[in-house]
Amino acid sequence: MANKNLKYFMREAKDEIVTVPGPETFKDEDGNVLDLEIRVLSQSEIQRINNNYRKRSIATDKKGNPLAYGGEVLWKTEKDTGKATRHLIVEALQFPDLKDKGLMEFYHCVDVTEMPLLVFSRSDEYNHVTRAVLTALGMMDAQPDSEVVDEAKN
11 MANKNLKYFM REAKDEIVTV PGPETFKDED GNVLDLEIRV LSQSEIQRIN NNYRKRSIAT
71 DKKGNPLAYG GEVLWKTEKD TGKATRHLIV EALQFPDLKD KGLMEFYHCV DVTEMPLLVF
131 SRSDEYNHVT RAVLTALGMM DAQPDSEVVD EAKN
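Counting in our numbering, the sequence shown runs from 11 upward without gaps.
Here is the structure:
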């Protein structure tokens, strides 16, 4: 029978940084692809960020009258998933630091949630960074290597 000691669930929170290759379009002076450094956010941080982009309001008909069912007012929930995802990217990325004042000034940007779109302006770059961050955060399964996929096709 397994030991039911709760000490195994008592651990200090610590920052974990994951390093992954960045998009092929970002290289150093020697031609090496730059690495992204991603801080693994806690579930409570992820939930807090997501909740910032969720808005609940009373559901209404076309005339603005509240909708009810069974005597209870109905609620509608709106969520800006894109902006929430970009905020997660900004909070998780340690390198490049998308909140860096100089970087934001370079892109003439005041809203940090727009920085991933500006820095990683090509669709393939943005998708690469989004996949890398969401995978590091455990919100997306890791993508198989293209070699493994090619091998599986044969």
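Each residue gets a CB set at the ideal place from its N, CA and C atoms; glycine is no exception.
Beta-carbon spacing of residue i, residue j below 9 Å
i: LEU46; j: THR35; result: no
i: PHE130; j: PRO31; result: no
i: ILE56; j: LEU147; result: yes
i: LEU144; j: THR70; result: no
Residue closest to residue i, alpha-carbon to alpha-carbon, out of the options
i: VAL100; options: ARG21, VAL43 and ILE59; result: ILE59
i: LYS86; options: ARG141, PRO76, ARG132 and ALA23; result: PRO76
i: GLN53; options: GLY41, GLU88, LEU98 and LYS72; result: LEU98
Residue i CB to nearest heavy atom of the ligand COA below 8 Å
i: LYS93; result: Because no ligand of any kind appears in the structure shown, any question about the ligand COA cannot be addressed here.
Whole-angstrom C-beta distance between residue j and residue i, which should lie under 8 Å
i: VAL122; j: LYS109; result: 5 Å
i: ILE48; j: ALA142; result: 7 Å
Minimum Cβ-Cβ distance from residue i to chain B less than 9 Å
i: GLY81; result: As a matter of chain content, chain B is missing from the structure shown, which is built from one protein chain.
Start-to-end residues for the alpha helix (DSSP H) that takes in residue i
i: LEU16; result: It is not in any alpha helix (DSSP H) - LEU16 carries neither H nor E in the DSSP assignment.
i: LYS116; result: Contrary to the premise, residue 116 reads as Phe rather than Lys in this sequence. Looking at the DSSP string, the run of the alpha helix (DSSP H) that includes PHE116 is 111 to 116.
Whole runs of the beta strand (DSSP E) within the stretch 26 to 69, excluding any shorter than 3 residues
Within the stretch 26 to 69, the complete beta strand (DSSP E) runs of at least 3 residues are 27 to 31, 45 to 49 and 64 to 68.
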